[in-house]
Structures are given as C-alpha cells and as structure tokens.
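Participant: Pasting in a structure now, in structure tokens, and then I'll have a few things to ask.
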Amino acid sequence: MSMGLCSEQWPGFEVTKDWNGADQVAIRSPRGASVRVCLHGGQVVSWRNDRGEELLFTSSKVSLFQLPVLVARSYLWQCGFDPVTAIFKPPRATRGGIPICFPQFGNCGTLEQHGFARNKIWTIDEEAPRLNYGDNNNNKASVDILLKPSEDDLKCWPHCFELRLRVSLSMDGDLSLISRIRNVNGKPFSFAFAYHTYLSVSDISEVRIEGLETLDYLDNLSQRERFTEQGDAITFEEEVDRVYVGSPCVIAVLDHEKKRTFIVRKEGLPDIVVWNPWEKKSKTMVDFGDDEYKQMLCVDAAAVERAITLKPGEEWTGKLELSAVPSTNCSDHLDHPGRL
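Counting the sequence shown from 1 gives a position; my numbering is that position plus 63.
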C-alpha cells in the first residue's frame, strides 16, 4: 500500500512521501495496528490501533511555514501579499505526534525551542548496531533512523554526536521508541532529551493521570518553582506545564469517556513532563486550534531537570513504550495490562 506519489519497499516497512514531500516510513502489524515516522524531525506522526483509531493528537491547523512553497506562495497571493518578496523557512516540526527534543528542552538554553533535532532531516540507518537492550524481538517490526550534526548545527552546538532512534511496533500494537546518543566528540558534552508525546483524548476534563502522586514537580508557569503534588491523581481544569522529577517507570493516563488507558513505560528517563495549554494560550498559537486543547495531553518521558553528560565514546539510551489498554477505576492493570 502506498501513501504517497512514489514508494520504495524495505524489509519490514514502507518508505513513502508525505503531503509536504518529506520521506515517511510506515510500519503495519498483521493485526492492523500501524505507525508512521517522518524523516523530517525523526518524528512519529501517527500511531493507530487495530481498529484504525488514531492514538496520537495532531493539530488540524497548519502553520504557513509548514506548507509546500508553491502552496504558501499561492496563499499569500490570494491574501494580497507579494509572494516574490516573501521569506520562506524550512518546514517546522508538526504540532502533534512525538517530536524528539534534543539537545535542549523548552527554552532552557541558548538553542531554538526544544533543540534542533525535531527540525532536521534524518536518514534510515541501514547499519544500525545491535541493541543490547532487550528489544531485539522477532515479534516486533522496527525501523532505525539516524541523525548526525550538520555544519550549521556545529556552529550553534559544537559537539559531534550520533543520535539513533529505533521505532518498533509489536504484534499487539504497542509502540516503542529507543534512542541512543553517542559522544563521538573529543570532549564531554551535556544535553536534555524528551519524547514530546501528544496523546489523543476525548475531553481533557475527563482525563486523569495516575502514578505521579506525592512527587515533586517544577512548575514552568511559576518560573520553575518546586512544589509537591498533593492530589490522589492529576486532573485538568486549567493550563498545566510541569516537570515531575524522579518519576516512576510506569504511569497511566485514563480517558474516562473513551474507556481507554494509556500505559507509559520508560527507562533512562527520570522525569515526566505534563502539558496542556488550555484556552488562553491555545489562542496565541498559530499552529494550534483555539479549542484543540480539549482533545490532547502531552505526557513526555524526559531527562530535563538534570542534564545528561557523556564523555568521549560514551553512549546513553532512553526508552519509551506506549500501550493502550481498557480502562478501570484503579491502577491494578499497570502490572499486567490487557490489550485494547
């Protein structure tokens, strides 16, 4: 099955073009689940279960600078602007899916928001080293992609690295991402990292998170002041932008209306970032609909409170696994989840 104007078959996955002309990789399980990864940004842009239901949120609103150049020029002409003198930038990361935040998270540093990895062109890694991480599983279909720094990257962040990402889909439709960052530099460097995961929910007011109770968090809405979570579970009535530090390896995101629970498992990533822009901020975001905050929740497996430091030749690994399971009113299923 082709998703673009042209496609090339690869063992275990299919390479196509997305609507913007960027290479995209599709993996489908025999039972109908699927995942799509865009090589622009190394970004998972879709994850569907075996019924074809989309499990990740993507905004329906597209920034002008995400449009193909010819379409953007036509749009400017219709709006009365001169398309000849307009300045066009490379496409930005899609608002949704799972962008890769590296080597910076948010605006905590001198680089662009969330670092440059999500806005760079990755390549398929045909000679990826074998993982010593328990993920060489014959019941999974995977694709390995690779990012190395360009000359422009080295000007703003002068460190040589290899960032490898393996995206896998199990027979049951579970999604896993394993990132490996190797220092091929002559000196140590430090970085932050996050899987900026946009989950699709029915109604944010009907969602709660279990597993972060009593934890300390940094509140980005209060200049990163440190607080302790007081509730039995996290629910949503206003804008939230928090970094929960020292978080457990497994948490649950319960969507009561859909009777669905996302199980988030992570390794090598001590923090969980929880974000929803709510109504006021949504109206200021050019690539986000005014009411779309109701249908999304970001729950990011991350390493952001304390930077990760690699000496020359060292490698760091961070893993995220997402499952969708039937909801209950308790968290007993965290240890032995069923499959949706």
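Using N, Cα and C, we set each Cβ at its ideal position, and we do this for glycine too.
From a predicted model like this one, the values you see are computed outputs, not experimental measurements.
So, under 8 Å CB-CB, GLU225 and ARG245 are touching, yes? Tell me the CB distance rounded to an integer number of Å.
Facilitator: Between ARG245 and GLU225 the Cβ distance is about 5 Å, and since that is below 8 Å, they are a contact.
Participant: Quick check on SER97: buried or exposed, where buried means 16 or more other Cβ atoms within 10 Å of its Cβ?
Facilitator: So SER97 ends up on the buried side.
Participant: Using DSSP with H/G/I as helix, E/B as strand and the rest coil, what is ARG193?
Facilitator: In the structure shown, ARG193 sits in coil (DSSP, three-state: anything other than H, G, I, E or B).
Participant: Which residue marks the beginning of the alpha helix (DSSP H) containing LYS80, and which one marks its end?
Facilitator: No alpha helix (DSSP H) contains LYS80, which is instead part of the beta strand (DSSP E) from 76-80.
Participant: Rank LYS344, ASP279, TRP185 and THR260 by C-alpha distance to the C-alpha of ARG328 and give the top, closest one.
Facilitator: Nearest option by C-alpha distance: THR260.
Participant: What's the C-alpha gap between LYS152 and GLY84?
Facilitator: A caution first: LYS152 carries a pLDDT of 49, below 50, which makes its placement in the model too unreliable to give a value.
Participant: Under a three-way DSSP split, which group does TRP379 fall into?
Facilitator: In this structure, TRP379 counts as strand in the three-state DSSP scheme.
Participant: Hey, is THR291's beta-carbon within less than 8 Å of any beta-carbon in chain C?
Facilitator: The structure shown contains no chain C; it holds only a single protein chain.
Participant: Quick one: residues in its chain with C-beta nearer than 6 Å to the C-beta of TRP338, no 5 flanking neighbours on either side, listed in chain order?
Facilitator: Correct list, in chain order: ASP304 and CYS361.
Participant: Pair every Cβ in the segment 269-287 with every Cβ in the segment 232-248, then say whether three or more of these pairs are closer than 8 Å.
Facilitator: Short answer: they don't touch.
Participant: Across which residues does DSSP place ALA255 in a beta bridge pair?
Facilitator: None; ALA255 has no bridge partner.
Participant: In the DSSP assignment, find the beta strand (DSSP E) that holds LEU228 and state where it starts and stops.
Facilitator: Counting along the chain, the beta strand (DSSP E) containing LEU228 begins and ends at 224-233.
Participant: Could you pull out every residue in the same chain whose Cβ sits closer than 8 Å to the Cβ of GLY331, ignoring the five residues on either side in sequence?
Facilitator: Taken in chain order, the residues that qualify are ALA366, TRP379, THR380, GLY381 and LYS382.
Participant: Alpha carbon to alpha carbon, what distance is there between ARG181 and LEU174?
Facilitator: Approximately 12 Å, taken between the alpha carbons.
Participant: I need the boundaries of the beta strand (DSSP E) containing TRP110, first residue and last residue.
Facilitator: Residues 106-111.
Participant: What three-state label does DSSP hand LYS329 in the structure shown?
Facilitator: LYS329: strand per DSSP, three-state reduction.
Participant: Could you tell me if CYS142 is buried or exposed, where buried requires 16 or more neighbouring beta carbons within 10 angstroms of its beta carbon?
Facilitator: Low local confidence applies: a pLDDT of 46 at CYS142 is under 50, so the model's placement there is unreliable, and no value is given.
Participant: Quick one: grab the DSSP three-state call for ASN202.
Facilitator: Coil.
Participant: Below 8 Å between beta carbons: does that hold for THR279 and THR298?
Facilitator: Residue 279 is actually Asp in this sequence, not Thr. No, the pair does not count as a contact, with Cβ atoms beyond the cut-off.
Participant: I'd like to know whether the C-beta atoms of ASP318 and VAL336 end up nearer to each other than 8 Å.
Facilitator: No, Cβ-Cβ distance for ASP318 and VAL336 is not below 8 Å.
Participant: Do you know how far the Cα of ARG289 is from the Cα of PRO131?
Facilitator: Residue confidence for PRO131 is low, a pLDDT of 49 falling below 50, so the modelled location carries little weight; the figure read from the coordinates is stated next. Looking at the two C-alpha atoms, the distance is approximately 43 Å.
Participant: Name the DSSP bridge partner or partners of ASP334?
Facilitator: Answer is ALA365.
Participant: When DSSP builds the beta bridges, which residues end up paired with THR263?
Facilitator: Here the sequence assigns Ser to residue 263, which means Thr is not the residue at that position. In the DSSP output, where bridge partners are listed per residue, SER263 has MET359.
Participant: Between ASP216 and the rest of its own chain, which residues show a CB-CB distance below 8 Å, the 5 nearest in sequence each way excluded?
Facilitator: If we look at ASP216 and ignore the five residues flanking it on each side, its Cβ neighbours are PHE179 and LYS183.
Participant: If you reduce the DSSP assignment to three classes, tell me which class ASN339 lands in.
Facilitator: ASN339 falls in the strand class under three-state DSSP.
Participant: Please confirm whether GLY352 and PRO333 have their CB atoms less than 8 Å apart.
Facilitator: Result no, Cβ atoms of GLY352 and PRO333 do not sit closer than 8 Å.
Participant: From the DSSP secondary-structure annotation, give me the bridge partner or partners of GLY159.
Facilitator: DSSP output for GLY159 lists THR121 as bridge partner(s).
Participant: Please say whether LEU281 and GLU190 have beta carbons closer to each other than 8 Å?
Facilitator: No, Cβ-Cβ distance for GLU190 and LEU281 is not below 8 Å.
Participant: Just to confirm, are ILE326 and SER386 a CB contact at a threshold of 8 Å?
Facilitator: Yes, the pair counts as a contact, with Cβ atoms nearer than the cut-off.
Participant: Confirm, please, whether the CB-CB distance from ALA370 to SER253 is below 8 Å.
Facilitator: It is a contact, given that the beta carbons lie within the stated cut-off.
Participant: Could you tell me the distance, in whole angstroms, from the CA atom of SER213 to the CA atom of THR157?
Facilitator: Approximately 21 Å, taken between the alpha carbons.
Participant: Put ARG323 into one of helix, strand or coil per three-state DSSP.
Facilitator: Three-state DSSP puts ARG323 in a strand.
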